[in-house]
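These notes are about the structure you will find just below.
In my numbering, the protein residues as written are 400 to 520.
Written out as structure tokens, the structure is:
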């Protein structure tokens, strides 16, 4: 489920440690090594749990795209079909679903970008 980028363990652990430092605030018993085992393992539910945590707490998308392959990201986004409680997360959900799944949902603040981006008025 991981992408080819960063597939060797030391560089993957470095990426995961960066994500772990951005997301945990010390309120977990998990370690970067635990997350590494999840990313490299076969437990789909644990991977989805980790994806959701990163999706909700990371600011950018680069770490997620380095840890998970495009098909896995798509499968996670397909299940995110209900509005999220926070406006910034809801915007992120809609943008990601548009980018990865080509599912277009109106985003009030970004509607002009999407309309003119595909050539329609």
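Every residue gets a Cβ at the ideal spot worked out from N, C-alpha and C, and that includes glycine.
Cutting at 7 Å between CB atoms, please list the residues of its own chain near residue i, excluding the five before and the five after it.
i, result
"residue 454", "463"
Do you know how far the Cα of residue j is from the Cα of residue i?
i, j, result
"residue 500", "residue 457", "20 Å"
"residue 483", "residue 467", "22 Å"
"residue 412", "residue 434", "9 Å"
So, is the C-beta of residue i closer than 7 Å to a C-beta in chain C?
i, result
"residue 427", "Of the chains in the structure shown, none is chain C; there is only one protein chain."
What residue does the alpha helix (DSSP H) around residue i start on, and which one ends it?
i, result
"residue 432", "431-439"
"residue 467", "Segment: none, residue 467 is in no alpha helix (DSSP H) and carries neither H nor E."
Using the rule of at least 16 other Cβ atoms within 10 Å of the residue's Cβ for burial, across every protein chain shown, is residue i buried or exposed?
i, result
"residue 414", "buried"
"residue 437", "buried"
"residue 424", "exposed"
"residue 520", "The predicted model places residue 520 with a pLDDT of 44, which falls under 50 and marks its position as unreliable, so this point remains unresolved."
Looking at C-alpha atoms only, which residue of the options is the closest neighbour of residue i?
i, options, result
"residue 475", "436, 443, 427", "443"
"residue 480", "419, 493, 469, 434", "493"
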